[in-house]
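Peer 1: This is the structure I have questions about; it appears just below.
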Amino acid sequence: MDLNGISQNANEVSDFSKSQQSNVTRSTIGNSSLFKSRENSSAYTRIFTKKNLQTHLLPEFLKPKRKKNSGLTHQKLQTLNLNKPQNSDVLASWISSDSQNEEFQQLSIRALDSFSNRLRLTSEKIEQIRKIEEILADIFNPEKDPDEVILRIRNQSLTRSELRSFNEPVDLPEKIVNTYMRMLKASYKRQKAEMRGRVLISRSDFSEEVFSGSKNIIHSKENILNYTYLLFPLHADHWTLLVLNTKEKQVYYYDPSKEHLQIHSLLSGLFSFLRGFLLTHHSISLDESEWRNLFYVPSKLVKSHLAQDSGVYVCMKAELIINDNKEEMPLEDYRKDMLVALIKASLE
128 MDLNGISQNA NEVSDFSKSQ QSNVTRSTIG NSSLFKSREN SSAYTRIFTK KNLQTHLLPE
188 FLKPKRKKNS GLTHQKLQTL NLNKPQNSDV LASWISSDSQ NEEFQQLSIR ALDSFSNRLR
248 LTSEKIEQIR KIEEILADIF NPEKDPDEVI LRIRNQSLTR SELRSFNEPV DLPEKIVNTY
308 MRMLKASYKR QKAEMRGRVL ISRSDFSEEV FSGSKNIIHS KENILNYTYL LFPLHADHWT
368 LLVLNTKEKQ VYYYDPSKEH LQIHSLLSGL FSFLRGFLLT HHSISLDESE WRNLFYVPSK
428 LVKSHLAQDS GVYVCMKAEL IINDNKEEMP LEDYRKDMLV ALIKASLE
């Protein structure tokens with residue numbers, strides 16, 4: 128007996144039987160009520176409906192979770208009782224109130240206006256930065272005329288060569304320091320009322336006259352001793368700053384070289400200045416006034432600075448006194464900030 132032939136015939140019969148059964152099944156399913164309306168479906172077909180399979184046959188952790196409707200209708204919002212903070216009357220009820228809705232709209236408009244103002248300020252800031260970058264490029268352009276005036280600040284003109292000193296290993300020219308001091312005075316006058324009237328900054332040429340003894344009498348419409356601080360920037364071999372505290376009757380002398388070689392002659396000149404001022408404006412002698420107790424307080428510099436940075440140091444110290452600030456910054460950084468500040472002042 129040919130076993131291979133019998134096996135082959137049996138397989139063919141089995142395949143044919145499976146094929147017929149599959150056709151019958153497809154025909155039955157196609158004609159069943161599984162895809163018809165639920166009212167006409169039999170119990171058998173309902174068992175195999177998609178809904179039944181999902182809710183009964185699947186394991187619990189595989190069953191689809193129905194999403195709960197967490198939304199609030201307009202009616203629910205109107206009756207909603209919120210736990211609102213004090214002084215907050217419009218959290219939910221503004222929806223049903225025309226007057227409160229109008230108030231909400233006004234608040235929104237003000238918020239948008241504020242946002243627009245911030246955008247405008249940002250835009251102006253970007254434009255200012257662009258102009259500063261252009262001026263910086265123009266200052267350090269080696270092909271440009273060094274004697275050309277680049278900045279004009281409060282009736283002061285600064286040339287390209289003077290401004291280039293910020294990027295050179297030299298001390299700042301006297302014109303730069305005086306212009307920066309004038310800029311500090313102008314910005315100081317724009318400060319809050321309680322800050323104004325505290326500091327008076329002298330020009331370096333005026334300071335030189337005072338402490339050389341050639342300026343003993345000052346014709347002033349106001350009493351300069353009403354200021355808390357009198358600042359006298361001085362320039363000889365390098366820049367120094369003498370500060371008079373009129374309230375404490377103290378003198379401070381800031382010498383970035385830490386040499387203090389001029390202090391005795393400077394104090395002598397200061398006493399002569401005060402003597403002449405008191406006689407002219409108050410008709411009293413120095414010995415009869417409280418200024419006879421004026422004393423010198425040596426400044427405590429952490430370290431000495433290079434001669435090329437003395438002008439930068441004096442300007443930084445003056446600004447710290449104006450703003451009642453004691454925190455110094457690296458002179459290299461302040462040197463850069465000074466140039467940018469002068470450019471910004473010229474754009475105002």
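Under my numbering, the first residue of the sequence shown carries the number 128, and numbering increases by one thereafter. Every residue gets a Cβ at the ideal spot worked out from N, C-alpha and C, and that includes glycine. These numbers were taken from a predicted model, which means no experiment stands behind them.
(1) Could you tell me which residues DSSP pairs with S284 in its beta bridges?
(2) Quick check on the DSSP output: the alpha helix (DSSP H) that includes I449 runs from which residue to which?
(3) List the endpoints of the continuous beta strand (DSSP E) containing F400.
(4) How is the alpha helix (DSSP H) around Y461 delimited, first residue to last?
(5) Return the CA-CA distance between Y307 and R317, expressed in angstroms with no decimal places.
(6) Sort Y381, Y315, M456, S416 by Cα distance to S437 and report the nearest one.
(7) Output the boundary residues of the alpha helix (DSSP H) element that contains Y307.
(8) Using the Cα positions of S399 and L405, report the straight-line distance between them to the nearest angstrom.
(9) Buried or exposed for D298, please, with buried defined as at least 16 other CB atoms from any protein chain shown within 10 angstroms of its CB.
(10) Is E455 helix, strand or coil by DSSP?
(11) Does the pairing of the region 280 to 287 with the region 331 to 339 give three or more beta-carbon distances under 8 Å?
(12) Where DSSP assigns a beta bridge to P360, which residues make up the other side?
(13) Three-state secondary structure (DSSP) at M263?
(14) Have a look at E459 and E415 and give me their C-alpha separation to the nearest angstrom.
(15) Run through DSSP, which three-state label would V337 get?
(16) Nearest CA to the CA of L358: which residue from E446, S412, K453, I256?
(17) Closest to D325 by C-alpha separation, out of K444, Y354, I259, would be which residue?
(18) DSSP on L433, reduced to helix/strand/coil?
Peer 2: So, to answer that:
(1) R279
(2) Counted as a single uninterrupted DSSP element, the alpha helix (DSSP H) harbouring I449 occupies residues 437 to 449.
(3) Careful: F400 lies outside any beta strand (DSSP E), inside the alpha helix (DSSP H) at 390 to 409.
(4) 458 to 474
(5) Rounded to whole angstroms, Y307 to R317 spans 16 Å at the Cα level.
(6) Y381
(7) Element bounds for Y307: 301 to 316.
(8) About 10 Å.
(9) The residue in question, D298, is buried, as its Cβ has 16 or more Cβ neighbours within 10 Å.
(10) coil
(11) no
(12) Beta-bridge pairing links P360 to L368.
(13) As written in the sequence, residue 263 is Leu, which differs from the Met given in the question. Here L263 sits in helix by DSSP.
(14) 46 Å
(15) helix
(16) E446
(17) Here the sequence assigns Arg to residue 325, which means Asp is not the residue at that position. Ranking the options by Cα distance to R325, first place goes to Y354.
(18) coil
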